[in-house]
Amino acid sequence: MIRVRVLCGALLALVVPALAVAHQLTVFASVDCEAVTVEAKFSSGKAPVTGEVRVLDAENALLATLALESDGTQRVPLDSVDHAGGLVIEVNTGSHEGYWIVTPDDIARNCGS
Numbered sequence: 000m001i002r003v004r005v006l007c008g009a010l011l012a013l014v015v016p017a018l019a020v021a022h023q024l025t026v027f028a029s030v031d032c033e034a035v036t037v038e039a040k041f042s043s044g045k046a047p048v049t050g051e052v053r054v055l056d057a058e059n060a061l062l063a064t065l066a067l068e069s070d071g072t073q074r075v076p077l078d079s080v081d082h083a084g085g086l087v088i089e090v091n092t093g094s095h096e097g098y099w100i101v102t103p104d105d106i107a108r109n110c111g112s
């Protein structure tokens with residue numbers, strides 16, 4: 000009986016952390032001269048079907064909140080936000096969160112400036 004408890008405890012110690020990481024949300028944002036394209040995926044590769052994209056400036060002031068598309072993406076037009084100091088892109092699916100930082104250099108480099 001003690002062996003069974005020890006074995007169950009050991010298995011639980013291995014499985015619980017694996018489950019917590021199994022559905023980690025990965026956020027990626029790419030930029031061109033017109034928009035920031037946001038992509039969110041779980042570690043399994045599956046895209047979240049619902050969620051919220053929050054766009055913040057370098058001072059963490061909220062600039063925009065947009066619904067995540069059913070394919071796990073969203074497009075944020077650059078002319079709709081003050082991006083001079085860079086942007087922080089946050090994605091929240093209700094149970095998972097992730098973020099990506101877009102620097103002013105990222106914007107300038109991808110706009111040929």
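The sequence shown begins at 0 in our numbering and counts up one residue at a time.
We put the beta carbon where it would ideally sit given N, CA and C, even for glycine.
Inclusion of TRP99 and ALA28 in the CB contact set at 7 Å is warranted, their separation being smaller than that value.
Membership of ASN109 in the alpha helix (DSSP H) is indicated by the continuous run 103–109.
GLY50 is the residue among GLY84, GLU33 and GLY50 whose C-alpha sits nearest the C-alpha of GLU68. Out of THR25, GLY44, CYS110 and ASP56, the CA that lies nearest to the CA of VAL80 is found in ASP56.
Note on geometry: alpha-carbon atoms of ALA60 and THR102 lie some 15 Å from one another. Taking the CA atoms as reference points, GLN23 sits about 31 Å from CYS110. Under DSSP, GLY85 takes part in no beta bridge, so it has no partner.
Nearest to GLY84 by alpha-carbon distance, out of GLU58, VAL26 and VAL52, is GLU58. Around the beta-carbon of GLY93, fewer than 16 other beta-carbon atoms lie within 10 Å, marking it exposed.
Comparing alpha-carbon positions, the option among ALA34, SER43 and VAL48 lying closest to VAL90 turns out to be VAL48.
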